[in-house]
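Heads up, the thing below is written out as structure tokens.
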Amino acid sequence: MKHLRLILGDQLNASHSWYKTVDNNTVYLICELHQEASYVTHHIQKIAAFFKAMESFATALSKAGHQVIYLTLDDTAQYQDLPHLLETIIQQQQISQFSYQQPDEYRLAQQLAAFSQQLAIASTCVNSEHFYLAHSELSSYFKTNTKHRLEHFYRAMRRRFNLLMDGEEPHGGQWNFDTNNRCKLKAKDLAQIPQPLLFDTNVTEILERINRHQITTMGHIGSNLLWPVTRASAKALLIYFCQYCLPRFGQFQDAMTGRLGSFTDDNGWSLYHSRLSFALNSKILSPQQVVNTAINAYHDSNGDISIAQIEGFIRQILGWREFVRGIYWLNMPTYRQLNALDAKRALPSWFWNGDTTMRCQQQAISQSLDYSYAHHIQRLMVTDNFCLLTGIAPDEVDNWYLGIYIDAIEWVELPNTRGMSQFADGGIVGSKAYAASGNYINKMSDYCQDCHYDVKQITSDNACPLNALYWHFMLQHQAQFANNPRNSMVYANWRKRSPTVQEEILVKAQHLLANLEQL
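Numbering of the sequence shown is given in the numbering used here, commencing with residue 4 and proceeding in unit increments.
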């Protein structure tokens, strides 16, 4: 009896129980697919990284003695989709049993479930063995179309998995040290930022293949890839992060700077962040491995790593990463259509090239195009915030985010954009819209210092566009937001302004909204 096991591009988990024994009657299939390279316009680094990681994983399995079929775009171009390819392989290899790991994207889960149902041979879907929570457990923590809050879930996860706990109490005396982790980088801090650990993997053949098959991409890349695409390189990056970045990670995790140079020559884009999200989301590393390694580094640091640093990092993985996955699966497929604020505008064309005079947007977008990466505050409070204030259609926001970032897979991208940043889910993920004026950007970055616009102005010709747009947004959606106690001061401050000033602000905002392409 011959068994075919499918490995998707984000299922590169070498610790999976599938690989504990070598069976000559089991064939593993890993394939580059046009449907996966083209369902949105992806960053060229994202496609290259996934293809190279898949190729490396296939090579490692083969060296371990497993039977592996690795197909490139050249091999799969003739097939209209994944099911068509699988049908052919099953016939050619005379397969009598088919298995696949639970996909993390709804569309692939539906596609493979439908394919399996029509098979004449036995088929099985197994756990991916990656997350803290098994897929079957999610409904115990989340309910469909119900508001959930991270803090409650995060505490439950800490207790269940006994992480950063002293008995029944949180280690350090409190659950959350977020208030310690909102520091802006000052001039004296810039010289201390560690150089990022970059890799130098040649992807020339992959780039030629992508070009040969006319896959539309965005962003920039050289002939070599700076991201970890093997287990060894991912583990090296994890160790590097714990040694050089974790000691100040939490303190500056929200900070942004544009002071440190340009592509491949600086550390301003990386700061103290781990940049492990690609390795995690492709399952090269497990969240347990990352969390345990970081906690061990904290305990071995002799005080160099404070509780605020390690707690902030663990919250992102044990908390937020698992949280958005639950939100995604318990609300799909309807979550993909939610648009609570009725946002309809088109994404400005400068999101695809960074050609804007708004320095904060230019910095975040250009960095994203250069590296296929921006950290969570650049995403949430810079580009996402702009889209929120200007009412960009959630479909356009989702597709841009899903394409441009190397770590973007729909299960993690969708709740972050449609939910957390755009409030299109009506509050399922967050209790308020994360709207901000230019003041927040100025508080957490040095972007405003060299900007064409004046962050202190609201209605003048050179006023920061975010200021008038912020007030327009809050007034436009007052019915949804006014009852939230966290917004009471916002509306109180608006009422203190004279009717004349209020009118000037709203007129300015309308002018900006009519001319987004010119910003």
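Glycine included, each C-beta is placed from N, C-alpha and C at the ideal position.
A buried status is given to T220, since no fewer than 16 other beta-carbon atoms sit within 10 Å of its beta-carbon. In the three-state scheme derived from DSSP, where H, G and I count as helix and E and B as strand, M160 is classed as helix.
Contact between C363 and S448 holds, since their C-beta atoms are separated by about 7 Å, short of 8 Å. If the five residues before and after A137 are omitted, its C-beta is found closer than 6 Å to the C-beta atoms of N130, all from its own chain and listed in chain order. For Y144, the enclosing alpha helix (DSSP H) covers residues 141-144. Within the DSSP secondary-structure output, S102 pairs in a beta bridge with R8, T127. Exclusion of the five residues before and after S59 leaves V232, T233 as the residues of its chain whose Cβ lies within less than 6 Å of its Cβ. In the structure shown, E132 adopts coil according to DSSP, grouped into three states.
Counting along the chain, V71 sits inside the beta strand (DSSP E) bounded by residues 70-74.
Taken in chain order, the unbroken stretches of alpha helix (DSSP H) that lie wholly in the region 330-413 and span 4 residues or more are 362-374, 387-393, 397-407. Burial state of P106 is buried, judged by a 10 Å Cβ sphere holding 16 or more other Cβ atoms. Out of A436, A427, N183, Q460, the CA that lies nearest to the CA of N442 is found in Q460. The three-state reading of DSSP puts A466 in strand, counting E and B together. Within its own chain, the residues whose Cβ lies closer than 7 Å to the Cβ of Y301, once the five positions on either side in sequence are excluded, are I308, I313, listed in chain order. Counting C-beta atoms within 10 angstroms of its own C-beta, S463 has fewer than 16 neighbours from the protein chains shown and is therefore classed as exposed. When beta bridges are read from the DSSP output, D169 appears opposite E172.
Bounds of any alpha helix (DSSP H) do not take in I33; it lies within the beta strand (DSSP E) bounded by 29-34. For T204, the pairing in a beta bridge is given by DSSP as L228. Only residues of its own chain outside the window of five on either side were considered, and among them Q14, V129, S131 have a CB closer than 6 Å to the CB of Q104, listed in chain order.
Taking 8 Å as the cut-off, the beta carbon of L321 is found no closer than this to the beta carbon of Y494. Across the structure, L7 and H379 are spaced so that their CA atoms are roughly 39 Å apart. Boundaries of the alpha helix (DSSP H) harbouring W497: 491-499, taken from the DSSP string. As computed with DSSP, H46 is found in a beta bridge with M221. Under DSSP, the beta-bridge partners assigned to S448 are M259. Here the C-alpha atom of G422 lies approximately 14 Å from the C-alpha atom of R324.
Secondary structure at D457: strand, using DSSP grouped into helix, strand and coil. Just so you know, the alpha carbons of I412 and R339 end up roughly 14 Å apart.
F156 has its alpha-carbon roughly 44 Å from the corresponding atom of M4. Using a Cβ distance threshold of 8 Å, L228 and F202 count as a contacting pair.
For R251, the enclosing alpha helix (DSSP H) covers residues 249-252. In terms of Cα proximity to K150, the closest of N165, A56, V327, T204 is V327. Bounds of the alpha helix (DSSP H) holding L283 are 280-284.
Here E208 is exposed: its Cβ has fewer than 16 other Cβ atoms, across all protein chains shown, within 10 Å.
Residues of the same chain with a CB within less than 6 Å of the CB of E416, apart from the 5 flanking positions on each side, are Y404, L405 in chain order.
For D77, the secondary structure class from DSSP, reduced to helix, strand or coil, is helix.
When DSSP states are grouped into helix, strand and coil, E314 belongs to the helix group.
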